[in-house]
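**Q**
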């Protein structure tokens, strides 16, 4: 029974997406911050439990990134729509996810299973995305931190967004090129 706990936590994170977005849209930034913080913490918790206890599953390998992307994309869109984040920053984060997801889909259809783990730079980018949202909601609800800190985080997030997107494109391209080279050598 406990072996399914990480998947249940992923489903709870997915369920927290709608109330988080609604709270942002209603201007209830403190509530949105609390809901988003619980969802963000759940991301680390489910991964920790799954790895530490060997509770990994095919469903979990599908649900975890789905829950992450659904939450982050939705909250980025809501924050940009409500003027809490610049549109260009939300567009960059969403474009990266579409690029990686589209690349993985093309790779899967043409070359086979993707088989891989997130790169460190991607994990840093995800942490920065979470930090950017937390800081934006915190600033909207209590007027702190200052704008220069928000802008610094936005620039750092943009840099890791571009770098990790380029890294994934390179990884998929190299793997595909290796497969094509092996097939041509036969």
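In my numbering, the protein residues as written are 851 to 1036.
C-beta: ideal position from N, C-alpha, C; glycine also.
It should be emphasised that the depicted structure is a prediction, and the values quoted were computed from it without experimental measurement.
Do the segment 982-995 and the segment 878-889 meet, that is, are 3 or more Cβ pairs less than 8 Å apart?
**A** Result yes; three or more Cβ-Cβ pairs closer than 8 Å.
**Q** Closer than 7 Å by C-beta to residue 892: which residues in its own chain qualify, once you throw out the five before and the five after it? Chain order, please.
**A** Taking the chain shown and counting its residues from 1, the one referred to as residue 892 is at position 42. Within the same chain, and ignoring the five residues on either side of residue 892 in sequence, the residues whose Cβ sits closer than 7 Å to its Cβ are 859, 862 and 863.
**Q** For residue 864, which of helix, strand or coil comes out of DSSP?
**A** Start at 1 with the first residue of the chain shown, and residue 864 comes out as number 14. Note: residue 864 maps to helix in three-state DSSP.
**Q** What is the rounded straight-line gap between the Cα of residue 911 and the Cα of residue 856?
**A** As a first step, residue 911 is located in the chain shown; it is residue number 61 there, counting from the start. As a first step, residue 856 is located in the chain shown; it is residue number 6 there, counting from the start. Using only the alpha carbons, I get a separation of about 10 Å.
**Q** If we count the other Cβ atoms within 10 Å of its Cβ and call it buried at 16 or more, is residue 1001 buried or exposed?
**A** Along the chain shown, read from residue 1 onward, the residue named residue 1001 stands at position 151. Answer is exposed; the Cβ neighbour count stays below 16.
**Q** For residue 937, which of helix, strand or coil comes out of DSSP?
**A** Here residue 937 refers to the residue found at position 87 of the chain shown. Helix, per DSSP.
**Q** Using the C-alpha atoms, what's the distance from residue 854 back to residue 865?
**A** Working through the chain shown from its first residue, we reach residue 865 at position 15. Working through the chain shown from its first residue, we reach residue 854 at position 4. Approximately 17 Å between the Cα atoms of the pair.
**Q** Would the beta-carbon of residue 1011 fall within 8 Å of that of residue 974?
**A** As a working mapping, residue 1011 is identified with position 161 in the chain shown. As a working mapping, residue 974 is identified with position 124 in the chain shown. Cβ atoms of residue 1011 and residue 974: not closer than 8 Å.
**Q** Output the residue ranges of the alpha helix (DSSP H) runs that lie fully inside the segment 898-986 and measure 4 residues or longer, sorted by chain position.
**A** 908-931 and 937-961
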